[in-house]
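Residue numbers (our numbering): 165 to 343.
Right, one structure below, let's go through it.
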Amino acid sequence: MKTGFKGVVAAVLTGAIIMSVAGCVSFEQISNKEFKKALTGAGKIDEEEITEVKDATYEGADLKRKIIASDGKCLYSYMEFDDKDDAFDAFKDIYDDFGDAVDDDDFDGKYSKGISESSYSGYLLVDGDSDDKDFVDGKCYGGIYYKEDTIVIVMANSQKTKDKDKIDAVLDAIGYPKP
């Protein structure tokens, strides 16, 4: 009887662990050089089309650097904050704006999200259509990733296969999960 009981307990605990980890997405922080390399390589963006600004700001927070590029309907952004708490606050605002869009039925599509203040990481993967002025207004495919002091945005304002393929290629190059 003990073996049966232990087996049931083990199965329940294993199931609980699997379910708690299933929603997690793992990715590493990347450097600005890795980001630019992915844009010029997999993203096929000319280096002249990439804008890098040092000592910038985002929503009142100081940035060490900000890198922005676009290619048609695809937007790529890398923001390295001076303070990782500011990066968390900025990501949390985006995360909450998306949550509000979902709650208000202003987002139609698939998504996956997660955030952890204690590990300074979070992600938001979307594939759908948003009618929310605070998040995204229109079709969207891609992700917003937060790790330590950095937020990376790789997003298409499109549902066209060619744009999704561009986003997927850059995400593969930096090792980040796709929607």
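Heads up, the beta-carbon is just placed ideally off N, CA and C, and yes, glycines get one too.
*asked:* 8 Å is my cut-off, CB to CB: does N321 come that close to chain D?
replied: Absent here is chain D; the protein component of the structure consists of one chain.
*Taking the DSSP output, what are the residues bridged to I258?*
Beta-bridge pairing links I258 to no other residue.
*Contact set for I352: own chain, Cβ-Cβ below 6 Å, skip 5 residues either direction*: What the structure shows of the chain is the stretch from 165 to 343, and residue 352 is not part of that stretch, so it cannot be assessed.
*Measuring CA to CA, which of T204, G224, Q193 and N321 is closest to L239?*
Measuring C-alpha to C-alpha distances from L239 to each of T204, G224, Q193 and N321 identifies N321 as the nearest.
*Just the Cα atoms here: how many angstroms apart are E281 and D249?*
Taking C-alpha positions only, E281 is separated from D249 by approximately 9 Å.
*Cβ of Y259 within 8 Å of Cβ of K277?*
Yes.
*For I182, is the classification buried or exposed, using 16 other Cβ atoms within 10 angstroms of its Cβ as the cut-off for buried?*
Any answer about I182 is weak, because its pLDDT of 33 lies below 50 and its placement is not dependable; what the coordinates show is given next. With fewer than 16 other Cβ atoms within 10 Å, it is exposed.
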